[in-house]
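Take a look at the structure set out below.
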Amino acid sequence: MRWFRRFTDAREDAVVPPLPLPPADDPADSAEQLLAGVAGLERLVNRSAGRLPAAAVANARRITDVLRAVVGQAQTRPLDVYATMSVRGTVEDYLPTTIRTYLAVDARLLDTPRGAGHTPTQSLMMQLDALLQSATATLHATQNQDADALMTQGNFLRTRFSGSDLDL
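Sequential numbering from 1 applies to the sequence shown in the UniProt record's numbering.
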């Protein structure tokens, strides 16, 4: 019995500090910071253009264009957390990691099929296509959110300022 008590006493004495909460307005999530990240990503693509296939450069630039459009939606309303996370993830991790990983492959192996039957170049193109689809879906979601907000405002105004069914 004392053995169990020893563990419960230890737990009661331990003080666990609370996790710090992120600031409400994280400057890393501001439109300016997101756009700066997109610009940095464009510089990475441009610097790497000589070692990437032309189609990969074009797709990577399409991705950055779509990300820039997503952030541009913040001019009318703040981006929701999902759009912000998607842009930050793509800018800070997904696209740079994809490009850097491809550039790390020995040039002699770029067109040699690997375990899954795809060459590293084919794999790069598939990854860029997936990132472009994700960025485009995020853009559509932010645009639809704006359209939904407009419809909600219209419904509110119609209800607020139209005559009531109870009026005689």
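Just so it is clear, CB atoms sit at the ideal spot from N, CA and C, and this is done for glycine as well.
Fair warning: this is a prediction, and the values are worked out from it, not measured in the lab.
| Item | Value |
| --- | --- |
| Which class does T84 belong to by DSSP, given the choice of helix, strand or coil? | helix |
| Within the continuous alpha helix (DSSP H) that includes D65, where are the two ends? | A54 to G72 |
| Here's the rule I'm using: 16 or more other beta-carbon atoms within 10 Å means buried, otherwise exposed. How should Y102 be labelled? | buried |
| Determine the burial state of S86: buried for a count of at least 16 other Cβ atoms within 10 Å of its Cβ, exposed for fewer. | buried |
| CB-CB under 7 Å to A31, same chain, minus the five flanking residues each way: which ones, in chain order? | V71 and A74 |
| Out of A137, V57, T121 and D93, which has the shortest C-alpha to C-alpha gap to D106? | T121 |
| G40 lies in the alpha helix (DSSP H); which residues open and close that run? | A31 to S48 |
| Using 8 Å as the cut-off, can you tell me whether the region 80–96 makes contact with the region 56–67, which would need three or more C-beta pairs spanning the two stretches below that distance? | yes |
| For Q127, I'd like the list of residues in its chain whose CB is within less than 6 Å of its CB, leaving aside the five on either flank, ordered along the chain. | T98 |
| Assuming the contact rule is C-beta atoms closer than 8 Å, V38 and V81 should be a hit. Round their C-beta distance to whole Å, please. | Actually they are not in contact, since the Cβ atoms of V38 and V81 sit about 18 Å apart, beyond 8 Å. |
| Check each candidate in M125, G115, L79 and S162 and name the one with the smallest Cα separation from L35. | L79 |
| Hey, how far is the Cα of R62 from the Cα of G89? | 16 Å |
| Around the Cβ of L109, are there at least 16 other Cβ atoms within 10 angstroms (buried) or fewer (exposed)? | exposed |
| Enumerate in chain order the residues of its own chain whose CB-to-CB distance from T84 is below 8 Å, with the five nearest sequence positions on each side excluded. | D29 and L34 |
| Kindly indicate which three-state DSSP category P120 falls into: helix, strand or coil? | helix |
| Roughly how far, in whole angstroms, is the beta-carbon of A56 from the beta-carbon of L124, given that I think they are within contact range, below 8 Å? | 6 Å |
| With DSSP collapsed to three states, give me the class of T98. | helix |
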